[in-house]
Every structure is written in structure tokens, then in C-alpha cells.
Amino acid sequence: MGARFDGIYKDIVDTIAEKGIWSEGNVRTKYADGTAAHYKSYIGYQFRLDNSDDEAHLITSRFAPSKAPIRELYWIWILQSNNVDVLDKLGCKFWDEWKMQDGTIGKAYGYQIAQETFGQKSQLHYVINELKKNPNSRRIMTEIWIPNELSEMALTPCVHLTQWSVIGNKLYLEVRQRSCDVALGLVANVFQYSVLHKLVALECGLEPAEIIWNIHNVHIYDRHYDKLIKQVNGETFEPAKIKINNFKSIFDFKPDDIEILDYKYGEKVSYEVAI
């Protein structure tokens, strides 16, 4: 028996393998050696992930880092920063390839989360305020796809929208992703947003329920393909547990507050980054 996310992850890979279509012609993405990074993609995939207990949503078919994704989450949502040097000092190098001359990623990610929203200090402050004071609202959302500022971003956002809903005392999170690299990006993103979901629920005195995840273009790069097929058909293990320590407020959260317990996994598999 694998982790809950292992089954979803394998289904995504199987769907692309069976129904996906290979890219043709010119593509934007390249590998470090300059070779075009072609991909097999499937359009329009949704999954639902139960986030109500202490299971850590890390795949077990290979080692999935947990520290770097949490540091990136902290950088974007809590520090609300776009400064790559700040992220580097946290020990996460995810954005080094996209660092601009001014040391930032432009008006992307944390920059947009930091924008004042309906009189609240930031988009995250708006979400928290609404969930506490107006939980029946169907307008509790964040959005970082800002059309007139896309040209000022080092990279346009992949995960760009969240919507939060309360039914009873249960908190539901919907995530919208325009583009998804299955081998690398998806693994980090799902873990990040499962943690964000739990943190927001704790802040608001709610119980985390499901995450509903919608991906427009979900794809596997050509240099990842064979290894990923082999990986998801390999052995999986009992899921790890997640523990959030010292919680006082989401705005006081630190990456070291997250503890992963009993994480067992298969072989370490490396995948090239397509830039």
C-alpha cells in the first residue's frame, strides 16, 4: 500500500501515457545543454485529495524532498517575497535559473500575494479574514495571473489560483494550475498546497477536508518519460506522517515547524529541469 497521492500520481502518468499527445515543432522549454525539451501532454485533468488527517502527501515511489518545497511555500505565501537571494538563504535553489538582473523574479508569485486586497494587507490576509468573518462567501480566492503584468515576470505562474470554501466546519481548497511538469513540479506543488491548506485551517479554527486540483496542460518531458513510467510501476510504501509544531499563527509560521515522520520511499531518481 502506498501513500494516498501515489495512486493519484500513477493515474496521471498512466493517463498521459495512454491518451497524451507528443509536442511537435518549436517549443519554449529547453534543457541545460540547449536541446529542445519536448513533452507528452494531456489536456484537462482533475483529482481530489483527502487532506483531513496527518498523512503527508509525498510520493513514495521515489524520494520526494520536503524541506525545499516548504521553504518555497514560506517565501511565497508568508514572506510574500520575489527576491531570489532570500530564497537561496533559506536553502532552496528552485528559482536560480530564472533570477533577473535585479535579483528577483519580477512581479511574480510572492509579489502578487503581497498585494493589498479589499482593504486587507495581502491576498493571504484577505483569505484569512473572509474565512473567519464571512465563511459562507463564494468569493474567497487568490489569483496571481495578472495579464497586464505578465511581461514583468521572470516566469509566468504555473499554479495561479486558489479558491477556499467552508461547508460545516470543513475547509475545502481548489487549486488551478495552467501547466504541470509531472516528474518534478507536481510532486512539490501538491505537498506545498496540502501544507498551506492545513495551515489556513489551523489559523481559522477549521478542519481541512479535500483539495480539488485542476490542471489544464499536464505533461511529461521526453527525457523524463521512460524513467517516470518505470518509477510509478515500482514499489510503494506506507505513507509518511506530517506534524506541525509550535503553531501560533500562520503569519508566524517557519519552515522548521514542519516535521515529516516515518518517510519510506523507493530509489532516488533524478530528473533534468526543463527551463
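The letter at position 30 of the sequence shown is residue 30 when you use the UniProt record's numbering, and the numbering goes up by one with no holes. In this text, a Cβ means the ideal position worked out from N, Cα and C, and glycines have one as well. A quick note: this is a predicted structure, and the numbers were derived from the prediction, not measured.
Could you have a look at residue i and say whether DSSP puts it in helix, strand or coil?
i    : result
W77  : helix
L49  : strand
H216 : strand
K93  : coil
D181 : strand
T142 : strand
S23  : coil
K254 : coil
K107 : coil
E267 : coil
N189 : helix
T236 : coil
E207 : strand
Please report the straight-line C-alpha distance between residue i and residue j, rounded to a whole angstrom.
i           : j    : result
I215        : G44  : 6 Å
T104        : H160 : 18 Å
Q120        : K40  : 42 Å
A183        : L206 : 32 Å
Y265        : E259 : 17 Å
V232        : S61  : 6 Å
I128        : T142 : 11 Å
residue 276 : R223 : Outside the shown range of the chain, which is 1 to 275, sits residue 276, and nothing can be said about it.
V166        : N26  : 44 Å
I250        : V200 : 7 Å
N136        : N169 : 11 Å
R138        : T236 : 38 Å
C158        : H219 : 12 Å
R176        : G34  : 30 Å
Y172        : V195 : 13 Å
C92         : S52  : 28 Å
P208        : Y193 : 12 Å
I212        : E152 : 30 Å
Y225        : R48  : 24 Å
Contact criterion: CB-CB distance below 9 Å. Does residue i meet it with respect to chain B?
i    : result
V269 : Within the model displayed, chain B is absent; a lone protein chain is all it includes.
Looking only at its chain, what residues have a beta carbon closer than 8 Å to the beta carbon of residue i, apart from the 5 residues adjacent to it on each side?
i    : result
E116 : S122
E55  : A3, R4, P239, A240, K241, I242
I76  : Y109, G110, I113
L79  : V86, G110
Residues in its own chain within less than 7 Å of residue i by CB, not counting five upstream and five downstream?
i    : result
M100 : G106, A154
E267 : R62
L261 : A240, K241, K243
V187 : I59, A64
Y126 : T117, F118, Q120
T15  : Y42, Y45
For residue i, which residues does DSSP report across the bridge?
i    : result
E174 : Q163, I212
M100 : Looking at the DSSP assignment, M100 forms no beta bridge with any residue, so it has no partner.
L261 : K241
S151 : DSSP output for S151 lists no bridge partner at all.
S41  : I21, H219
K30  : A36
N134 : DSSP lists no partner for N134.
Counting only the same chain and skipping the five closest in sequence on each side, list residues whose C-beta sits under 6 Å from that of residue i.
i    : result
P255 : I70, R71, Y74
I21  : none
Y221 : A37, Y39, A274
E272 : Y31, R223
L202 : F247
Y149 : Per the sequence shown, residue 149 should be read as Glu rather than Tyr. Within the same chain, E149 has close Cβ partners K107.
E97  : I275
S179 : C158, N217
Would you grab the beta carbon distance between residue i and residue j for me? Rounded to a whole angstrom, and I think it's under 8 Å.
i    : j    : result
D50  : E210 : 6 Å
Q163 : I140 : 7 Å
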